[in-house]
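The listed protein sequences correspond, in order, to chains A and B. Start counting the first sequence at 1; every next residue gets the next number (my numbering). Start counting the second sequence at 1; every next residue gets the next number (my numbering). For glycine and all other residues, C-beta sits at the position ideal for the given N, C-alpha and C. Written below as structure tokens is the structure these notes are about.
Number of protein chains: 2
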Amino acid sequence: MIMRALIISLLSVGTIAAPPVMAAAADEPIQPIEAAKPKNENMVELGKMLFFDPRLSKSGFISCNSCHNLSMGGSDNLPSSIGHKWHQGPINSPTVLNSSMNLAQFWDGRAKTLKDQAGGPIANPGEMAFSHELAVGVLQSIPQYRNRFKEVFGSDKIDIGMVTDAIAAFEETLVTPDSRFDKWLKGDKAAINQTEREGYNLFKDAGCTGCHNGAAVGGASFQKMGVMEPYKTKSKAEGRFAITGKDADRMMFKVPTLRNIELTYPYFHDGAAASLEDAVNTMGRLQLGRNFTKDENAKIVAFLKTLTGKQPQFLIPILPPSTKETPKPKPFDD
Amino acid sequence: MIMRALIISLLSVGTIAAPPVMAAAADEPIQPIEAAKPKNENMVELGKMLFFDPRLSKSGFISCNSCHNLSMGGSDNLPSSIGHKWHQGPINSPTVLNSSMNLAQFWDGRAKTLKDQAGGPIANPGEMAFSHELAVGVLQSIPQYRNRFKEVFGSDKIDIGMVTDAIAAFEETLVTPDSRFDKWLKGDKAAINQTEREGYNLFKDAGCTGCHNGAAVGGASFQKMGVMEPYKTKSKAEGRFAITGKDADRMMFKVPTLRNIELTYPYFHDGAAASLEDAVNTMGRLQLGRNFTKDENAKIVAFLKTLTGKQPQFLIPILPPSTKETPKPKPFDD
């Protein structure tokens with residue numbers, strides 16, 4: 001009986017010990033993210049192939065992965081992207097990692113969903129410069145793609161909705177759990193050090209979590225770039241204004257996720273901040289009217305680097321060859 | 001005793017039965033290829049990262065994998081490649097698959113080894129448009145690269161020889177065993193069908209194996225493009241002549257491997273043959289003075305498609321982030 005009582009007692013301690021850890025995380029403005037649980041493995045695999053297939057572009061050279069490079073934090077690490085015929089894009093390529101958690105897609109939120117987003121670059125003359133019809137025609141000419149689409153969607157005829165569904169299904173798997181910060185949130189107090197912890201406190205105290213909160217540490221709202229003073233930039237992007245035409249939406253951009261921010265330089269919609277130190281300084285001054293000391297800046301940067309999660313690990317896709325019927329890429333045509 | 005005698009007899013039959021299979025393969029002008037046995041796993045892993053790292057280019061956009069895409073048979077499936085600022089390359093990008101088996105690298109064989117080759121595109125103004133010094137500077141600025149180079153080469157200082165050694169070590173792993181044809185060569189008579197077998201016989205009888213032989217089904221000699229009649233092309237490439245200056249070397253190109261030829265379209269040094277059917281017809285006429293019938297052509301093409309081997313399977317590399325010290329890519333500078 002003593003033994004049993006002891007066991008029950010130990011179990012109770014176990015049961016009681018757990019909640020405070022969870023409660024601590026629940027009280028924080030940032031929440032851990034969990035690994036993706038793909039609903040349809042075949043659709044994800046097809047989406048991965050499409051994500052890496054440059055035949056969705058006019059040139060046959062540019063794939064989704066060109067600007068959302070999954071070897072480099074799901075971004076291209078350039079201020080603005082390179083598109084068809086080396087066209088200089090108007091805006092910084094946002095990371096595809098954890099993008100399923102955004103309230104909308106693109107910096108100006110003009111696509112509600114990943115599926116809506118996926119069709120954009122394919123048909124954008126400055127990006128992949130193709131059309132949905134031509135992209136579908138390429139896929140339809142390749143028996144191995146036809147078989148896979150049939151398997152996933154039950155149809156002999158491919159359409160752009162299936163293409164973007166599959167790409168979105170793959171992108172939904174691109175979440176990055178198990179960052180050191182998430183481990184800390186879940187109760188592993190040794191997962192971040194004293195400096196990083198102080199950086200997090202500063203991040204909260206200064207008000208950064210007003211916009212950068214939730215599991216994605218951003219992505220949940222549109223906010224004005226340049227609250228305390230106007231943001232000076234050469235970029236012509238005007239944010240939500242381009243969508244709504246309302247003056248109040250001028251320079252309103254989607255708050256970017258800070259997950260994996262160490263990997264997704266350079267920063268801001270114009271890619272003007274080359275380093276995290278720059279970005280933190282500018283954000284403090286423009287959004288919060290606060291000049292961080294060098295020491296504060298370093299601590300916040302140290303905290304931000306704890307947000308680097310486990311990068312998606314997968315086998316490189318092997319793409320099925322084109323056939324005699326496949327329309328040829330036209331890299332050098334006007 | 002009867003039982004033991006029977007067992008010995010069966011064993012003997014087994015021993016006797018094996019050699020003919022091996023002998024059959026040994027008699028053939030084409031030999032099976034075997035999976036790579038990497039000597040230094042850490043060097044291969046580093047080489048894989050470098051192969052996928054666009055920071056070895058001036059733009060930060062073009063990696064080895066851009067034109068030797070391992071999702072697409074180690075090629076770009078374009079007549080000629082796209083380089084820095086969308087520069088149109090002068091020649092078709094040869095596959096990197098099984099390239100370790102070539103007698104030399106590039107179509108004109110100007111690099112003896114994979115290591116020698118790897119440095120070429122990095123510094124070619126029309127390809128990656130960088131310099132060896134700048135590429136090494138980028139890598140040296142990234143602690144995770146420094147650590148890996150130290151681990152592999154035992155040195156704190158990275159040099160271009162280490163970079164190309166590592167890339168070559170990775171490329172040496174990119175062999176494609178287990179094609180259906182190799183299975184047939186090794187004795188699995190059901191691995192190829194009657195049409196494919198007839199195609200192989202035609203391929204031998206017509207004399208294709210004069211140049212396309214050995215384990216790589218090519219890659220072992222330089223031959224003149226246009227033996228029976230001159231090859232008509234818009235390409236200015238003149239083959240070995242560009243290296244030796246000897247008239248006899250005009251239009252002498254390295255015989256390409258036919259391994260994975262189904263995946264490495266379009267064909268020839270100018271990428272002018274879009275389909276295998278075209279390529280087989282042109283080769284028959286120009287090199288052998290033979291006009292294949294439609295039926296013969298189809299059989300040879302069917303045989304060639306049995307040369308598609310197991311593609312290299314590996315996890316996509318995760319690249320370490322740049323630092324404040326890392327020189328910035330210059331995609332749009334002149």
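Euclidean distance between Cα positions of residue i and residue j
i: Ala-90 (chain A); j: Met-128 (chain B); result: The question names Ala, yet the displayed sequence has Pro at residue 90 (chain A). Each residue's alpha carbon lies about 23 Å from the other.
i: Glu-171 (chain A); j: Leu-97 (chain A); result: 8 Å
i: Thr-176 (chain B); j: Ala-104 (chain A); result: 43 Å
i: Lys-294 (chain B); j: Val-301 (chain B); result: 10 Å
i: Ile-243 (chain B); j: Pro-125 (chain B); result: 19 Å
i: Ala-191 (chain A); j: Lys-299 (chain A); result: 16 Å
i: Lys-115 (chain B); j: Met-101 (chain B); result: 13 Å
i: Ser-292 (chain A); j: Phe-268 (chain A); result: First, the residue type needs correcting, since residue 292 (chain A) is Phe and not Ser in the sequence shown. For Phe-292 (chain A) and Phe-268 (chain A), the distance between alpha carbons rounds to 18 Å.
i: Trp-86 (chain B); j: His-84 (chain A); result: 8 Å
i: Asn-260 (chain B); j: Pro-94 (chain B); result: 12 Å
i: Thr-173 (chain A); j: Phe-149 (chain A); result: 19 Å
i: Phe-314 (chain A); j: Ala-220 (chain A); result: 28 Å
i: Ala-335 (chain B); j: Asp-76 (chain B); result: Outside the shown range of chain B (1 to 334) lies residue 335 (chain B), about which nothing can therefore be said.
i: Leu-276 (chain A); j: Ala-206 (chain A); result: 16 Å
i: Ala-279 (chain A); j: Thr-233 (chain A); result: 14 Å
i: Phe-332 (chain A); j: Ala-35 (chain A); result: 42 Å
i: Ile-82 (chain B); j: Pro-32 (chain A); result: 42 Å
i: Gly-239 (chain B); j: Asp-249 (chain B); result: 7 Å
i: Glu-133 (chain A); j: Pro-327 (chain A); result: 12 Å
i: Asp-334 (chain B); j: Ser-155 (chain B); result: 34 Å
Neighbourhood of residue i by C-beta, 7 Å cutoff - its chain only, sequence neighbours within 5 removed
i: Pro-317 (chain B); result: Lys-48, Met-49 and Phe-52
i: Phe-200 (chain B); result: It should be pointed out that residue 200 (chain B) corresponds to Tyr in this sequence rather than to Phe. Within the same chain, Tyr-200 (chain B) has close Cβ partners Phe-303.
i: Leu-258 (chain A); result: His-212, Val-217, Gly-218, Leu-304 and Leu-307
i: Gln-140 (chain A); result: Arg-146 and Ile-158
i: Glu-28 (chain B); result: Leu-185
i: Gly-210 (chain A); result: none
Residue i at chain A interface by Cβ criterion, 7 Å
i: Phe-332 (chain B); result: yes
i: Ile-316 (chain B); result: yes
i: Leu-174 (chain B); result: no
i: Pro-32 (chain B); result: no
i: Gln-311 (chain B); result: yes
i: Thr-326 (chain B); result: no
i: Gln-140 (chain B); result: no
i: Pro-321 (chain B); result: yes
i: Glu-262 (chain B); result: yes
Min CB distance residue i to chain B below 7 Å
i: Gly-60 (chain A); result: yes
i: Ile-82 (chain A); result: yes
i: Ala-23 (chain A); result: Confidence at Ala-23 (chain A) is low in this model, with a pLDDT of 47, below 50, so its placement is unreliable and the value that follows should be read with caution. No - not a single Cβ of chain B is within 7 Å of the one on Ala-23 (chain A).
i: Met-72 (chain A); result: yes
i: Phe-51 (chain A); result: no
i: Trp-86 (chain A); result: yes
i: Ser-275 (chain A); result: yes
i: Pro-78 (chain A); result: The sequence as given places Leu at residue 78 (chain A); Pro does not occur at that position. It does: the Cβ of Leu-78 (chain A) has a partner Cβ on chain B nearer than 7 Å.
Rounded Cβ spacing between residue i and residue j (contact assumed at less than 8 Å)
i: Asn-65 (chain B); j: Ser-80 (chain B); result: About 17 Å; that fails the 8 Å criterion.
i: Pro-312 (chain A); j: Leu-70 (chain A); result: 6 Å
i: Ile-122 (chain A); j: Phe-130 (chain A); result: 5 Å
i: Glu-151 (chain B); j: Asn-42 (chain B); result: 6 Å
i: Gly-271 (chain A); j: Leu-78 (chain A); result: 7 Å
i: Ile-160 (chain A); j: Gly-119 (chain A); result: 6 Å
i: Lys-39 (chain B); j: Pro-329 (chain B); result: The pair is not a contact, with the Cβ atoms about 33 Å apart (cut-off 8 Å).
i: His-68 (chain A); j: Gly-74 (chain A); result: 5 Å
i: Met-251 (chain B); j: Tyr-231 (chain B); result: 7 Å
Contact test: residue i Cβ vs the ligand NAD heavy atom, cutoff 6 Å
i: Met-72 (chain A); result: Ligands are entirely absent from the displayed structure, and the ligand NAD is therefore not among its contents.
6 Å CB neighbourhood of residue i in its chain, flanking five on each side removed
i: Lys-254 (chain B); result: Trp-107, Gly-109 and Phe-222
i: Arg-180 (chain B); result: Ala-191, Ile-192 and Thr-306
i: Lys-112 (chain A); result: Ala-104
i: Glu-325 (chain A); result: Ser-141
i: Lys-189 (chain A); result: none
Query - Three or more C-beta pairs below 8 Å linking the stretch 319–329 of chain B and the stretch 255–274 of chain A - result: The answer is yes - the stretch 255–274 of chain A touches the stretch 319–329 of chain B, with three or more Cβ pairs under 8 Å.
Query raised in the report: Counting Cβ pairs closer than 8 Å, one from the stretch 285–297 of chain A and one from the stretch 226–246 of chain A, do we hit at least three?
Result: Touching, per the Cβ criterion.
Requested in this report: Assess, as a yes-or-no matter, whether the stretch 180–200 of chain A is touched by the stretch 153–169 of chain A under the definition of 3 or more beta carbon pairs within less than 8 Å.
Outcome: Counting C-beta pairs closer than 8 Å gives fewer than three between the stretch 153–169 of chain A and the stretch 180–200 of chain A, which falls short of the contact rule.
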